[in-house]
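Take a look at the structure set out below.
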Amino acid sequence: MEELKIRPIRNGTVVDHIPRGQALNVLRVLGVDSSTRDVVSVAMNVPSDAMGRKDIVKVEDTEIDSTEADVIALIAPDATVNVVRDYEVREKYQVSMPDEIRGVLSCPNPNCITNSREPVETVFDVRDGEMRCDFCGTVLGDEIADHLV
Amino acid sequence: MDIIDTKSMSKDDILRLLDRASTIGPSDALSGRVLGLLFFEPSTRTRMSFDAAVKRLGGDTVDMGSVDSSSVQKGETLADTVRVVEGYADALVLRHPREGAPRLASQFVDVPVINAGDGAGHHPTQTLLDLYTVRENVDASLGDLHVGIMGDLKYGRTVHSLALALAKFGARVTFVSPPSLRVPENVRTELERAGVEFDEVEVIDGIVGSLDVLYATRIQKERFPDEKEYEKVAGEYRVTTETLESARDDLVLMHPLPRVDEIAPGVDETEHAHYFEQAHNGVPVRMAVLDTVM
Ligand SMILES: [Zn+2]
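So the protein lines, in turn, are chains A and B. Taking my numbering, I'd label the letters of the first sequence as residues 19 to 167. Taking my numbering, I'd label the letters of the second sequence as residues 18 to 311.
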């Protein structure tokens, strides 16, 4: 079990099969930052049969539901999410691209109304693997990590 | 119903509005109704045109006035401004320097929002009046057409919307511009995806004879690093009576106005000149829009 490279957790969520170098971005997507009180473990460059090297993230005492997990698909399309209760994996799912991404990304167009101080969440429509700002129509390309809110 | 962009309107929606525009006349249809005009950047013509349109239908306007005399100056958000003005009006016309502002406004109010230009985004009533002018003069189906669009195709937002709208109806588009003012990559991708038949040339001479419509756009001095460069380009893309010598007799020449040097005054006297009529068409088209949404 590769997951044992970091100690098993009692309760929480394990995100596995993250492309190497993206672990910290996955945490950003999940809204985990320095203010968190949860125990968070990050493993980077873990050898993997399927991926060569991969990253793994564990967040203790927090369960990520599948809607939240789907946002991970933006940067880790092959990630798997394991929800652990009492040391057992109780739920396991593959992430999949959502139809719409709310509040997670900022619009790359500096002149977009969402980049002014208006009380709105950004919304991106996902279609054909492309994310398009619902307000101004700007397409977000490969620079997703730079636009995580 | 909001009017945010023509892109999200179906062919039928567009044709219904244009049909309405061609029959609409003065009436009391909007008697007792009030249109809110919120212009966060100046555009006297568009404002006057909306004002005229609602008044011809018996309605009236309330106008936010210029930004420096309003609460916006005090730092109010757009979301707050539209929620306040919603209480004074039955529909809002919004012009704003930021892209996406009308979409945002529509999320905060229940009354219809009409986009009168959002930054480099859309200006749907301009696109509709352009289509209306083509339809009234060339082809009611808007389909079997060859349209030349010439000038500043990089920054000219009206031409992107127009090209995409024409595409819906199957028209063929030729873009004429210097390399520095070509249609931007993202717009080209969008046109390709929409299945638009288009090509790009640097000079108009070779194609003018096959055009049904020539749409000249404003070339803005401030887009050029120096005056000389501007004058060179402006000179090359100026429409004169010579430019039109090889044109068909029924070529329709359009321009969103105001023009600077893009069309020589001598052309005004020819049968090709349709740009003043085009500007006037803003009124029936906006009447049709208001009559539909209010
Ligand atoms: Zn945007």
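In this text, a Cβ means the ideal position worked out from N, Cα and C, and glycines have one as well.
Item, Value
"Residues passing the C-beta test against ligand 1 heavy atoms, cut-off 6 angstroms", "Cys125/A, Asn127/A, Cys130/A, Thr132/A, Cys151/A, Phe153/A, Cys154/A, Thr156/A, Gly117/B"
"Whole-angstrom distance between Asp222/B and Asp19/B, CA atom to CA atom", "41 angstroms"
"Closer than 8 angstroms to chain B by CB, Val122/A", "no"
"Beta carbon proximity, Asn63/A to chain B, threshold 8 angstroms", "no"
"is_contact[Glu148/A, chain B] using C-beta, thresh 8 angstroms", "no"
"Asn203/B burial status per 10 Å Cβ neighbour count (16 or more: buried)", "exposed"
"Continuous beta strand (DSSP E) assignments of at least 3 residues falling wholly in the stretch 69–141 of chain B", "77–80, 108–113, 130–135"
"CB of Val220/B within 8 angstroms of CB of Ala188/B, strictly", "no"
"Beta-carbon proximity list for Pro119/B, same chain, < 6 angstroms, skipping 5 on both sides", "Ile21, Leu111, Val130, Asn132, Asp135"
"Residues that Gln143/B contacts on chain A, provided the C-beta gap is smaller than 7 angstroms", "Neighbours of Gln143/B on chain A: none; closest Cβ ~17 angstroms, over 7 angstroms."
"Among Val77/A, Val60/A, Arg46/A, nearest to Val89/A - alpha-carbon criterion", "Arg46/A"
"C-alpha gap between Leu274/B and Val306/B, whole angstroms", "21 angstroms"
"Contacts that Ala96/B makes with chain A (C-beta to C-beta distance below 9 angstroms)", "Glu136, Pro137, Val138"
"The stretch 65–73 of chain B in contact with the stretch 157–166 of chain A per 3-pair CB rule at 8 angstroms", "no"
"Span separating the alpha-carbon of Glu21/A from that of Ile27/A", "Unreliable positioning characterises Glu21/A in this predicted model, as indicated by a pLDDT of 48, which lies under 50. The coordinate reading is nonetheless provided below. Roughly 10 angstroms separates the two Cα atoms."
"Segments assigned alpha helix (DSSP H), at least 4 residues, entirely inside the stretch 159–233 of chain B", "174–186, 202–210"
"Ile21/B, DSSP secondary structure in three states", "coil"
"CB contact flag (Thr61/B, Pro141/B, <8 angstroms)", "no"
"Residue-level contact to chain B via CB, Ile131/A, 8 angstroms cutoff", "yes"
"His165/A (DSSP reduced to helix, strand or coil)", "helix"
"CA-to-CA distance, Ala94/A to Val230/B, given in whole angstroms", "49 angstroms"
"Which residues DSSP lists as bridging Thr31/A, in chain order", "Val77/A, Val101/A"
"C-alpha gap between Asp266/B and Ser158/B, whole angstroms", "20 angstroms"
"Three-way DSSP call (helix, strand, coil) for Phe293/B in this model", "helix"
"Min CB distance Ala118/B to chain A below 8 angstroms", "yes"
"Burial state of Phe192/B (16 or more Cβ within 10 Å)", "buried"
"Secondary structure, beta strand (DSSP E): runs of 3+ residues fully inside the stretch 90–160 of chain A", "98–103, 106–112, 118–120, 141–145, 148–151"
"Coil, strand or helix - Arg71/A by DSSP", "strand"
"C-beta atoms of Glu207/B and Cys154/A nearer than 8 angstroms", "no"
"is_contact[Val157/A, chain B] using C-beta, thresh 8 angstroms", "yes"
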